[in-house]
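Residue numbers are given in the UniProt record's numbering: position 156 of the sequence shown equals residue 156, and the series is strictly consecutive.
Only one structure is covered here, and it is reproduced in the block below.
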Amino acid sequence: MASHAFLLAAPTSANSSAPPAATRPCLPSFSFTQIQIADVLKELQNLDPYKSAGLDNLDPLFLKLSAAIVATPITSLFNLSFVSSEIPKDWKAAAVIPLFKGGDTLDPNCYRPISILPCLSKVFKSQVTDHLESHRTFSAVQSGFEAGHGCTSATLKVLNDIITAIDKRQYCAAVFIDLAKAFNTVNHHILIGRLSSLGFSNDCLAWFTNYFADRVQCAKPEGMLSGPLAVSMGVPQGSILGQTLFSVYINDVAFAAGDSLIHLYADDTILYTSGPSLNTVLSNLQTSFNAIQQTLLPWPPTALKR
């Protein structure tokens with residue numbers, strides 16, 4: 001089980017180089033700003049005391065109870081990380097708990113890896129995520145991990161488009177795409193490139209490069225702990241920053257749809273189109289799907305499910 005969790009993040013020839021760049025609108029540049037003590041204090045006070053501690057064994061309850069005292073030095077530590085573009089190595093170590101999804105209990109593929117991160121790391125990542133959210137780097141067709149959006153809003157949007165096409169007596173067809181092991185196969189080099197294309201400053205890129213460097217994780221099934229193994233790919237599943245970075249990573253898919261419509265919910269994608277004839281619809285859909293496959297080259301071919 002321990003080795004399986006890390007094999008998921010092993011580099012492959014299919015994801016060693018960046019895919020063709022998608023056409024995107026110009027965005028303003030982005031740089032980190034100073035984190036405020038009040039924001040960190042609020043974050044500490046809102047910690048769930050019943051959450052598990054990370055590998056550093058720093059209990060969330062301790063930070064919650066001492067929030068008024070430790071908020072100032074913790075804020076200084078966070079801001080120093082921005083200035084130096086370095087993150088403490090202890091914050092890069094995760095315990096991975098295999099969550100059973102159903103099926104054969106002896107099959108490692110039937111488990112979803114959930115990362116348990118150090119508490120201070122989670123507080124810091126929440127602040128970083130707030131910075132990223134303020135930049136609004138995500139496509140309007142992404143409903144995953146977005147406040148005010150969910151499965152219902154995504155379904156209603158797609159359903160409305162299909163009904164509109166039917167009312168116009170048009171043909172409509174769709175391709176449903178599921179990316180296997182999506183979070184575990186994010187290529188860090190390509191992600192840094194996509195952050196750069198979104199206008200992130202050199203200081204920000206240096207910080208994220210350090211964020212991905214020297215990461216380790218230990219499998220923790222049923223209370224047992226494996227030895228640490230290096231993580232060269234992927235973003236933590238269960239981490240708010242990991243979810244946001246995954247959205248950035250897959251964001252280019254929306255720009256590759258061409259004449260077809262597309263909607264994303266995290267790593268689940270529906271590509272659909274309508275037209276006056278079935279041949280036209282299928283031709284447009286195939287063209288768009290081919291373009292999306294090029295955008296999704298970081299994933300191995302077996303990761304694409306139609």
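Glycine included, each C-beta is placed from N, C-alpha and C at the ideal position.
Contact check for G54 and L156: beta-carbon distance about 38 Å, past the 8 Å limit, so the pair fails to qualify. The secondary-structure analysis by DSSP pairs A94 across a beta bridge with Q217. With three or more CB-CB distances shorter than 8 Å, the region 115–133 counts as touching the region 231–240.
For the pair of segments examined, the region 219–236 was found not to touch the region 259–279: the number of CB pairs separated by less than 8 Å stays below three. Around V216, the same chain offers K92, A93, A94, P228, L229, A230, V231 as residues with beta carbons nearer than 8 Å, after the five sequence neighbours per side are excluded.
9 Å or more divides the Cβ of S81 from the Cβ of A206. The beta carbon of A291 sits closer than 7 Å to the beta carbons of A256, G258 from its chain, once the five residues preceding and following it are set aside; these are given in chain order. A residue is called buried when at least 16 other Cβ atoms come within 10 angstroms of its Cβ; I163 does not meet this threshold and is exposed. Within the model, the alpha-carbon separation for K89 versus D214 is close to 7 Å. In the three-state reduction of the DSSP assignment, Y50 falls in the coil class, being assigned neither a helical nor a strand state. Listed in chain order, the non-local C-beta contacts of V186 below 7 Å within the same chain comprise M233, G234, V235, F246, Y249, local neighbours out to five positions each way being set aside. Here P108 is actually not in contact with V96; their C-beta atoms are around 12 Å apart, not less than 8 Å.
Straight through space, the alpha carbons of D39 and V123 are spaced by roughly 10 Å. Within the region 190–263, the runs of beta strand (DSSP E) at least 3 residues long that lie entirely inside it are, in chain order, 215–219, 229–231. DSSP places C151 in the uninterrupted alpha helix (DSSP H) bounded by 151–167.
Taking the C-beta atoms as reference points, T75 is found nearer than 9 Å to Q36.
Between the C-alpha atoms of Q286 and S277 there is a straight-line separation of about 14 Å. In this structure, DSSP gives D59 a state outside helix and strand, which the three-state scheme calls coil.
Contact between S31 and D203 holds: their C-beta atoms lie close to 6 Å from each other, under 8 Å.
A straight-line Cα-Cα distance of about 19 Å links G102 and S115. One alpha carbon belongs to S196, the other to F183, and they sit about 20 Å apart. Taking a 10 Å sphere around the C-beta of C119, we find 16 or more other C-beta atoms and assign the residue as buried.
Of G275, S52, A67, the smallest CA-CA separation from D167 is found for G275. Measuring C-alpha to C-alpha distances from S288 to each of A174, Y211, H189 identifies A174 as the nearest.
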